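Numbering (our numbering), first residue to last: 164 to 836.
We put the beta carbon where it would ideally sit given N, CA and C, even for glycine.
These figures come from a predicted structure and were not determined experimentally.
What follows is a short report on a single structure.
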């Protein structure tokens, strides 16, 4: 693994060396007491979180490098004066429009006026329902990225049906909140109460900037409505339970099961009037929000919708709106003191709207065919390791093993970039129209999602762009995506030895494969159908192992008033344990029976586990940590780094003793797969 050393977040290219970062180790910490801090403590002490970030670490360092690379590609397209309608024209003009602060300042709120006028024209509940339908977007993803947040009252996710791998259906999810989660509105924590006060002030400030009369009174009315929406919401843990989400409704069911909203009007303007089959992910919330549409005054909804429109688009409004938006969401919610440079925000927006166009440029320059081939070989090694692990499971019955191995054999793995690029030919991008570009891009994305209805699901479809530093398992497709951007140092380096590559990117690959068999993925068969393929005894053993992992993570308490939620993070924790275990097996297989070499004064196992912990190297601001514990399905990085305590091989590699804090007796070590 090459370790990136970045002198400053603005550095264009990073200096690298190959192997684990010896200088980052804190030898004053015993590995058996806090392995994450041992592996990263010296680096953490020596580095500060950049002022424009809520966290900093291995992922952030790579993100900065990647941002600069993507910026160069986009600015090259912007300067090229490409022919109208070409991909280069769209990328360049979208970015240039976002960067045109002077033009945005001059226009003020004028670009929003037609939409604000439409809200103002709402006179009754029927008109309200029709308008709400126009706000529906494909901006949630319940299983792939576990993204349950939309500030529209509902979000839709269109993908394969839970019961039928041959058809796509729309899944309707709860939404409508300005703050990240229901807990921000209903928790009695003093920290949450403080944020509620700041949020009300934020809402009032935005209304005043927009010169909306009676801003303070309207802010209170908006907050009261959002609080009622929050109380209707299901909690995060329930949203992660796919069986609670398995609620097929016919279109006609909505009027009976969720009265209040004129669903016919809503679905018509949402473009779903011809769709008869839906899945309702959180039926209680859908019914509760619908009831509020019926019971709350139209004027309150109009105030709320105007606020949501302004808040959602603050990034492409005059500077006063940008600053107010950041003061709340950046500083109050995440603890970040300084807003990111405009160009970084423009890169993120361009990636979000024209992701695969930028991705194609990125792959051509930064992802050579040999990198793709090497990663595909590592994936093959990891799959072999999983195959061997499944075959050796003493507790699993032959019937369940057969189904598990069939699922492994049909896993579709995408490396670097999709086989087929998305066609953006119908998306119009106009230089100088930042707001219009954003709206048309969102509408384009929504129409692309709607176009899947009535078609057979495409298992080759990607849900991440090649320039995204991440990886994903797609349970319904039984597929994996490993974007090009994560397949580079510090996660993968062709010049590093197998121990560090398997410890870093190997554990990531293993993590994503294991999602096919975690508490969520294990509920889907080889075709992605939600079905129980476990014998009762096998399921009981699996659930008991999961319960022990829940207990382990519930014991991590970074603040006196807030602990990790082991149930909320269970899927990711199972994936970390199983993925690391399989990566270690694959590493041993790669040695071909030969002893591991000693490099950098460390054994192969020591380098493997250090590479894993250093890949999770992260510093976070307190506000960001608190937000992550409430809203994220992943545990904090410092606890993910300590996953090593569940692997037998870690103990001799670092001479871990029973009296040390992370020590687990062999019977207490959680091994799911």
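### Query
For residue 169, does the three-state DSSP call read helix, strand or coil?
Because residue 169 carries a pLDDT of 36, less than 50, the predicted location of this residue cannot be relied on, and no value is offered for it.
#### Entry: Short Cβ contact (9 Å threshold) for residue 489 with residue 499
yes
### Alpha carbon of residue 248 to alpha carbon of residue 321, nearest angstrom
28 Å
### Query
In whole angstroms, what is the alpha-carbon distance linking residue 213 and residue 501?
9 Å
### Task
Out of 191, 195, 516 and 263, point me to the one whose CA is closest to residue 824's CA.
195
### Task
Output the residue ranges of the alpha helix (DSSP H) runs that lie fully inside the segment 775-816 and measure 4 residues or longer, sorted by chain position.
785-794, 800-803 and 813-816
### Query
Ordered along the chain, which non-local residues of its own chain (more than five positions away) have a Cβ less than 7 Å from that of residue 346?
355 and 793
### Task
List the endpoints of the continuous alpha helix (DSSP H) containing residue 198.
198-209
#### Entry: Nearest to residue 534 (by Cα), restricted to the options 774, 827 and 654
654
### Message
Helix, strand or coil, according to DSSP, for residue 457 in the structure here?
### Response
helix
### Task
Would you check if the distance between the CB atom of residue 455 and the CB atom of residue 367 is smaller than 9 Å?
no
### Message
So for residue 304, helix, strand or coil by DSSP?
### Response
strand
### Residues bridged to residue 337 (per DSSP)
317
### Message
I need the DSSP call for residue 442, collapsed to helix, strand or coil.
### Response
strand
### Query
Would a C-beta distance cut-off of 9 Å place residue 478 and residue 361 closer than the cut-off?
no
### Task
Return the first residue and the last residue of the alpha helix (DSSP H) that residue 405 is part of.
405-408
### Query
Where DSSP assigns a beta bridge to residue 579, which residues make up the other side?
646
### Query
Are the CB atoms of residue 528 and residue 584 nearer to each other than 9 Å?
no
### Query
At which residue ranges does the segment 549-594 contain complete beta strand (DSSP E) runs of 3 or more residues, listed in the order of the chain?
575-579
### Task
Pull up the distance between the alpha-carbon of residue 750 and that of residue 579, whole angstroms please.
22 Å
### Query
Residues in its own chain within less than 8 Å of residue 316 by CB, not counting five upstream and five downstream?
295, 298, 338, 339, 392, 452 and 456
### Query
Per DSSP, residue 220 is paired with what?
781
### Task
With a threshold of 16 other CB atoms inside 10 Å of the CB of residue 639, please say whether the residue is buried or exposed.
buried
### Completely contained alpha helix (DSSP H) runs for the segment 224-264, where each covers 4 or more residues
250-262
### Query
Does the segment 757-777 come close enough to the segment 808-827 that 3 or more CB-CB pairs lie under 8 Å?
yes
### Task
Look at residue 182 and residue 206 and say whether their C-beta atoms are less than 9 Å apart.
no
### Query
Can you tell which of 264, 244 and 263 has its C-alpha closest to the C-alpha of residue 255?
244
#### Entry: Cβ shell of residue 582 (< 7 Å), same chain only, five flanking positions each side left out
623
### Message
Would residue 833 and residue 681 qualify as a contact pair, given that the criterion is a beta-carbon distance under 9 Å?
### Response
no
### Task
Indicate whether residue 620 and residue 333 have their beta-carbon atoms separated by less than 9 Å.
no
### Task
Report the three-state DSSP secondary structure of residue 526 (helix, strand or coil).
helix
### Query
Can you give the Cα-Cα distance for residue 668 and residue 605, rounded to whole angstroms?
33 Å
### Task
Tell whether a beta-carbon distance below 9 Å holds between residue 812 and residue 821.
no
### Task
Within the same chain, show all residues whose beta-carbon is closer than 8 Å to that of residue 487, passing over the 5 residues directly before and after it, in chain order.
365, 368, 369, 372 and 477
#### Entry: Close-in-space but distant-in-sequence residues of the same chain around residue 425 (CB under 6 Å, 5 per side omitted)
289 and 292
### Task
Could you tell me the boundaries of the beta strand (DSSP E) in which residue 637 lies?
635-637
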